[in-house]
């Protein structure tokens, strides 16, 4: 199946999950994630803020902040097709609908709270389709591929996905960045980049 068609098919399946199913599966994924040694050892996490039918990350963000970890989230810079890492301490007051309606810190907040991405230990990555070897298709803009390859190449990459988003093989292109872990409600895939 061609990349665009595969992405569309899997996202349609994900979107068909009821809100209750999304919540239940997300809780199971976040429970697994919080129990991982790599998360316990991480001081600074870069975490996507969930949107629409993505695996929900809000509880994870709240628990990391409560544990005293530094949490940064993406701010999309459309003009340069890039992501900035912006530190947050209170998602309730520091996130607003941004690019495509995705919750983000407002650009005015980003100035003094921008974080050097080289200090990130773990990047929690969204996406549309994954495979068991860490292959990932995002949403087509390349934002995370550029962020991972240019700004956080040494950070551990952990993707969160519902099991229905995992296929046998993702048709990768040279710019596509692989994940170190893919965490679903059923299993954790430990991958090698």
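Residue numbers (the working numbering): 668 to 860.
Beta carbons: idealized from backbone N, C-alpha and C, even for Gly.
Every unbroken alpha helix (DSSP H) inside the segment 730–763 [4 residues or more]: Qualifying alpha helix (DSSP H) stretches, in chain order: 758–761.
Sequence-distant residues of the same chain with beta carbon closer than 7 angstroms to residue 835, five excluded per side: 798
Assigned exposure category for residue 702 - 16 Cβ within 10 Å defines buried: exposed
Buried or exposed (CB count within 10 angstroms, at least 16 for buried), residue 847: The C-beta of residue 847 has 16 or more other C-beta atoms within 10 Å across all chains shown, which makes the residue buried.
Which of helix, strand or coil DSSP assigns to residue 694: In the three-state reduction of the DSSP assignment, residue 694 falls in the helix class.
According to DSSP, residues forming a beta bridge with residue 782: Per DSSP, none; premise fails for residue 782.
Nearest residue (CA-CA) to residue 748, options 858, 787, 812: 812
8 angstroms contact criterion, which residue 722 and residue 740 should meet: CB distance rounded: Between residue 740 and residue 722 the Cβ distance is about 15 angstroms, and since that is not below 8 angstroms, they are no contact.
Residue 712 beta carbon less than 8 angstroms from that of residue 731: yes
Classification of residue 858 by the beta-carbon crowding that lies within 10 angstroms, buried from 16 upward: Counting Cβ neighbours within 10 Å, residue 858 comes out buried, since at least 16 surround it.
Where the beta strand (DSSP E) containing residue 847 begins and where it ends: It is not in any beta strand (DSSP E) - residue 847 carries neither H nor E in the DSSP assignment.
Selection from 689, 695, 733 that minimises the alpha carbon distance to residue 707: 733
The segment 757–776 contacting the segment 819–838, beta-carbon criterion three pairs below 8 angstroms: No, the segment 757–776 is not in contact with the segment 819–838.
Of the listed residues 831, 854, 841, 851, nearest to residue 682 (C-alpha basis): 831
Among 816, 727, 802, 860, the one whose alpha carbon lies nearest that of residue 838: 802
Residue 815 and residue 787 closer than 8 angstroms at C-beta: No; because the gap between Cβ atoms is not below 8 angstroms, this pair is not in contact.
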